[in-house]
Structures are given as C-alpha cells and as structure tokens.
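S.K.:
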Amino acid sequence: MVPLLPPRSAIGRLELNYLYGGVVQYRAGETLGPRVLGDYELVLIVEGQVAYRVGHREYPAPPDSVILARPGFHEAYRWDPVGRTRHAYFHFDIARLPEDWPDPNAWPIVRNHPAPVIGGLFRHVIQLIHSHPTWPAAPPGPGECRVVETLISLFIEEHLAGNTQYECGRPEAVHRTLRWMRQVLDDDPRRPVRLEDLVRVACVTDKHLCRLFRKTLGWSPMRTYNLMRLQLSLALLARTNLSIKQIADRCGYDNQFYFSRCFTKVFSRSPNRVRQELSLGVPPPPSPLPVDMTPRVHW
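Numbering (my numbering), first residue to last: 11 to 309.
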C-alpha cells in the first residue's frame, strides 16, 4: 500500500452561512420576477423550456440546464409557455470562497449541457436539505459544504464541459474508425487490420484520416489501434486473473514475448511487473490514449 499522507488543512475550502432549497412546479405560461436576487441561487431545470433573463440578456434553459445566479442580479424567469415546468433550486450565502475559484463575476451564468454528474450531485444536495430541518437557521457542516463545493466547481470550470479530448468532440471520421477498432477487438482481436480497412470505415482518404488522427489524438490510425490493444491489456492485467499468454491472445498477439516487448516499450514496465505492482497498491502507468478509448473488458 502507498503510505497515507497527512490530511490537508481545511483553509481555502467553501464555507456557507446557510443553505435551503427544494423542487417547484409551475403551470404553463407562468413567470417569476422581475426581482433583484439577494444571495446565491443554483437552479436545475428538470422539465420544461425556460427563458432566463439577467439585465438585458436572455438565456434559453431547456431541461438539464443549470443556472447560477449571484447577489444583485436583476433577473426574471419565463416558464414553459405550453407545458409544465419543474425545477430544483437551492439558495446559499458564502462565508468563505475556495482559494482556487475565480472571482464570482467571472463565473458562467447558464450551462445548457453541464457535466452529467452535476444532476446527481444537485439531487443529493436537495436530499441533504430535506434531511436537515434546522437549516437555514443553522449553517451546513464541512461535509455538506464539500458537496456543494464540488457541484459548483464542476459548473464554473468551463473546460470540463467543453473538453474536446473526449469522443463527443472528435471528428466523425475518427469516431467511426475508433468504434470499428473497438468492435474488432471485441469480436475478433486476431483479425489483421490494415490502413485500407480504416479508410473504408472512415469514408475519407488515407492522408486525410492520418491528419485527423494526428490532430485529434497525436498518433497515426494504425499506431492508435496498436495502442488500444495495449490499453486493453493494461485493463486485463488489473481486472482479471488471465495469464500473460491469455492476455496477449485476447489482445490479438500471436506471441506473448512479442506482446511483452511491445507493452514494455510503451509503459516502461513489463506486464508481470505491472501486475505485481498493482497487487501492492501501486497505480498503473499512464496510458498514451484517453481513458474513454479503452475497449470493453471481457474474456
């Protein structure tokens, strides 16, 4: 086991003076405001097409949108004109901001496609509110503040929502090719894969496909496929009892010694050494490919 480090100081964590909220439903065509907000409010649109206005700017807020309003906002909500609107919300007042947060004036106001985990965290905060009848008269404890801090951190960190490293931001030709590569590793890992096969799947020229892969992932298509095989082998070492020979076969290698050489060249450790270190609590070596590209682990 890796030795535990001493706990970090609590200085710089979010501290709240109060926290309260709930879930509200509105009939078609109803409105809220105009009003001047006196504290912070986070809103999750559960159902309905909402228009949110701050000052002279209006934001569309379809279901799953999250709105972060700040003290002094001149705001108004126009709920769905034809159907019901349902939203969750909580108000809070900040006693201390985390040291690594930007100034509140720089925070985004609306996220139409927030990180998927935000919805679950939001519902958890509402459950916490319902389970604490002394709120808002009593301030939330450190544990509850950490949950709210995580939720708001995910919201304000724009690069998480717009990160193009993940599959949704890759060119369609790259997406189709990666999907086909994973399918080959699922169905027939010993099948020979050639660049011509990848070009046919991608429906672009070989030169264009190579440019797309290098720009998106930093590797050629064929090199990417071989790295995917090794990425799968790393998962199999960690999550199965398969022998090295069986893992080599599962990843499409005819020779376990050639597989070990390829693995060691990429990860700077042999498969046996990585497996031994994993059993001692040492983390695996970093993969040269994004983790979302790991083929499915089954055998």
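Think of the CB as a built atom: it goes at the ideal place given N, C-alpha and C, for glycine as much as any other residue.
Remember, it's a predicted structure, so these values are computed and weren't measured experimentally.
1. Would you identify the three-state DSSP class for G31, choosing helix, strand or coil?
2. Give me the Cα-Cα distance between I77 and G129, rounded to the nearest whole angstrom.
3. When DSSP labels each residue in this structure, what does P300 get in the three-state scheme?
4. Would you tell me roughly how many angstroms separate the C-alpha atoms of L219 and W190, rounded to the nearest one?
5. Three Cβ pairs or more, each shorter than 8 Å: is that satisfied between the stretch 274 to 284 and the stretch 209 to 226?
6. Thinking L195 and P305 are a contact (beta carbons under 8 Å), I'd like their distance in whole angstroms, please.
7. My output table needs one value for V292: the three-state DSSP class, helix, strand or coil.
8. For Y235, which of helix, strand or coil comes out of DSSP?
9. Measuring straight from C-alpha to C-alpha, what distance separates N27 and R88?
10. In angstroms with no decimal places, state the Cα-to-Cα distance between R201 and L290.
11. DSSP state of G179, grouped into three classes?
12. In its own chain, which residues sit with a C-beta less than 6 Å from the C-beta of F277, not counting the 5 before and 5 after it?
13. When we look at the beta-carbon of S141 and count the other beta-carbons within 10 Å, is it buried (16 or more) or exposed?
14. I'd like the list of long-range same chain contacts for L242, defined as Cβ closer than 8 Å, with 5 residues on each side in sequence excluded.
15. Buried or exposed: where does T234 fall if 16 or more other Cβ atoms within 10 Å of its Cβ makes it buried?
16. By how many angstroms is the C-alpha of R121 removed from the C-alpha of P17?
17. Between which two residues does the alpha helix (DSSP H) harbouring A86 extend?
18. Please check the pair G49 and H101, which I expect to be a contact at CB under 8 Å, by giving their CB distance rounded to whole angstroms.
19. Count the other C-beta atoms from every protein chain shown that fall within 10 angstroms of the C-beta of F223, then say buried if there are 16 or more, exposed otherwise.
20. Please return the same chain residues whose Cβ sits closer than 8 Å to the Cβ of P108, not counting the five positions on each side in sequence.
21. What's the gap between the Cα of N265 and the Cα of L240?
22. For a quick check, are the C-beta atoms of A61 and P70 less than 8 Å apart?
23. Just tell me which of K275, Q256, A248 and P298 has its CA closest to the CA of V292.
24. What runs of the alpha helix (DSSP H), each 4 residues or longer, lie entirely inside the stretch 224 to 271?
25. Taking A212 as part of the alpha helix (DSSP H), name the residues at either end of that continuous run.
26. Can you pull the DSSP bridge partners for V56?
M.R.: Quick look at the numbers:
1. strand
2. 12 Å
3. coil
4. 14 Å
5. no
6. 4 Å
7. coil
8. helix
9. 30 Å
10. 35 Å
11. helix
12. P295
13. exposed
14. L195, R260, C261, T304, P305 and V307
15. buried
16. Model confidence at P17 stands at a pLDDT of 48, short of 50, so the residue's coordinates are unreliable and nothing is read from them.
17. Here A86 belongs to no alpha helix (DSSP H); instead the beta strand (DSSP E) covers H84 to R88.
18. At residue 49 the sequence reads Asp, which differs from the Gly that was named. Indeed they touch by this definition, with Cβ atoms about 5 Å apart.
19. buried
20. G22, R23, L24, E159 and S163
21. 14 Å
22. yes
23. A248
24. 231 to 249 and 254 to 260
25. L205 to A212
26. Paired residues: none, contrary to the question.
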